[in-house]
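Chemist: Heads up: the sequence shown begins at 3 in this note's numbering, then just goes up one per residue. Just dropping this structure here.
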Amino acid sequence: MALLETALTVDQILEGMRQLSVEELRTLAAAVLADRKLEPFVEELEDSLASEEAAREGPAHSFTAGELSRQ
């Protein structure tokens with residue numbers, strides 16, 4: 003079975019953007035701006051969830067030099 007190339011190239015994206023109306027471009031710009039504003043919140047949420055997961059798993063096991071040499 004052959005693999006299908008589904009990722010758009012930069013040129014294809016730019017060509018698609020050139021076909022947008024001014025109103026569609028404004029909508030796209032607003033969506034990008036909103037995404038950028040949400041990015042720090044999403045990163046903080048991911049960090050918080052990772053911390054909670056680590057707390058549930060408990061402290062990490064520290065290996066001694068002898069344990070490491072046996073692996």
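Ideal placement from N, C-alpha and C gives every residue a C-beta, glycine not left out.
1. Return the Cβ separation of L40 and L30 in integer angstroms, given the expectation that the two are a contact with Cβ distance under 8 Å.
2. Between the alpha carbons of T8 and M19, how many angstroms are there, rounded?
3. Let me know the beta strand (DSSP E) ranges lying completely inside the stretch 5–61, each 3 residues or longer, listed in chain order.
4. Suppose you measure from the CA of A56 to the CA of P42; what does that come to, to the nearest Å?
Modeler: Let me lay it out:
1. Rounded, the Cβ-Cβ distance is 16 Å, inconsistent with contact.
2. 18 Å
3. none
4. 21 Å
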